[in-house]
Amino acid sequence: MSDNLTLDHFTPLVGEYFRLHATPEQQLCLTEARALGRARPESGSEAFALSLIGPAEPWAPQGIWRLEHPKLGVLELFMVPNGPDSRGMRYEIVFN
Numbered sequence: 020m021s022d023n024l025t026l027d028h029f030t031p032l033v034g035e036y037f038r039l040h041a042t043p044e045q046q047l048c049l050t051e052a053r054a055l056g057r058a059r060p061e062s063g064s065e066a067f068a069l070s071l072i073g074p075a076e077p078w079a080p081q082g083i084w085r086l087e088h089p090k091l092g093v094l095e096l097f098m099v100p101n102g103p104d105s106r107g108m109r110y111e112i113v114f115n
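Below, the structure is given as structure tokens:
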């Protein structure tokens with residue numbers, strides 16, 4: 020399903036949790052879903068990014084991770100840690 024996902028799939032899920040399939044399993048909260056502009060003019064698709072927050076420790080390194088949400092099912096997405104803040108570790112996922 021990740022090939023067909025759009026910003027519209029994620030916008031209503033801001034504030035909801037995704038389960039990160041890791042050891043140990045974690046919950047990541049979607050804090051923002053934002054448009055980045057057109058990915059490729061010929062594709063007509065829009066690039067967008069998701070911001071998530073999770074526990075400060077243990078944090079997940081950059082890589083492809085399995086994330087699960089009740090409405091979207093299991094997704095395999097490339098996620099990058101953006102560093103900690105007062106709430107925990109911040110992550111970003113970019114679709115382009």
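Heads up: take any position in the sequence shown, counting from 1, add 19, and you land on the working numbering. Idealized CB from N, CA, C, for every residue including glycine. Since the structure is predicted, the reported quantities are computational estimates derived from the model, not experimental observations.
- By DSSP's assignment, Ser70 forms a beta bridge with Glu51, Glu111.
- Counted as a single uninterrupted DSSP element, the alpha helix (DSSP H) harbouring Leu26 occupies residues 26-29.
- Ala52 counts as buried, since at least 16 other C-beta atoms from the protein chains shown sit within 10 angstroms of its C-beta.
- With respect to the 8 Å criterion, Tyr110 and Leu55 are not classified as neighbours on the basis of their beta carbons.
- With a 10 Å radius around the Cβ and a threshold of 16 neighbouring Cβ atoms, Ile83 comes out exposed.
- Exclusion of the five residues before and after Phe29 leaves Leu49, Ala52, Leu69 as the residues of its chain whose Cβ lies within less than 7 Å of its Cβ.
- Taking the CA atoms as reference points, Leu32 sits about 23 Å from Gln81.
- The secondary-structure analysis by DSSP pairs Arg38 across a beta bridge with Gln46, Glu87.
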